[in-house]
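Since the structure comes first, as structure tokens, the remarks are kept for the end.
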Amino acid sequence: MEKINKKQMVEKLAKFRATADQINEDLNSLSQNVISIYQTLSLKESMTEEEQAVWLQLKGLLEPILQSTLHSHNYNQSMWRDYTQVVKALGASSDVNINGD
224 MEKINKKQMV EKLAKFRATA DQINEDLNSL SQNVISIYQT LSLKESMTEE
274 EQAVWLQLKG LLEPILQSTL HSHNYNQSMW RDYTQVVKAL GASSDVNING
324 D
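Numbering of the sequence shown is given in the working numbering, commencing with residue 224 and proceeding in unit increments.
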């Protein structure tokens, strides 16, 4: 088994965390853009048939987008909690095998 030290573990965790943060940021950005387009169309006094069709499609996406954003937020909160615990535990431990053996 490959043995890694604390510094290497923290580096691996940091890469993992950075990727998770980027996914969360991307989802939030996408959500904000879709909601902005939906709101812009909603404020129009009259819509063309094409605008009405887009508005209805966006309306159908709002619930899944909001659910995804909520799930992403919950995941992010869990990551902070769990990540902090792991980093603290690493600080108190000796080097371990990468497979936990």
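Ideal Cβ positions, reconstructed from N, Cα and C, are used throughout, including at glycine.
The alpha helix (DSSP H) enclosing residue i, as first and last residue numbers
{"i": "LYS238", "result": "229-266"}
{"i": "SER269", "result": "Segment: none, SER269 is in no alpha helix (DSSP H) and carries neither H nor E."}
Check whether the segment 276-287 touches the segment 237-251, taking contact to mean three or more Cβ pairs, one atom from each stretch, closer than 8 Å.
-> no
Would you check if the segment 263-275 and the segment 296-313 touch, i.e. whether three or more CB-CB distances between them fall below 8 Å?
-> no
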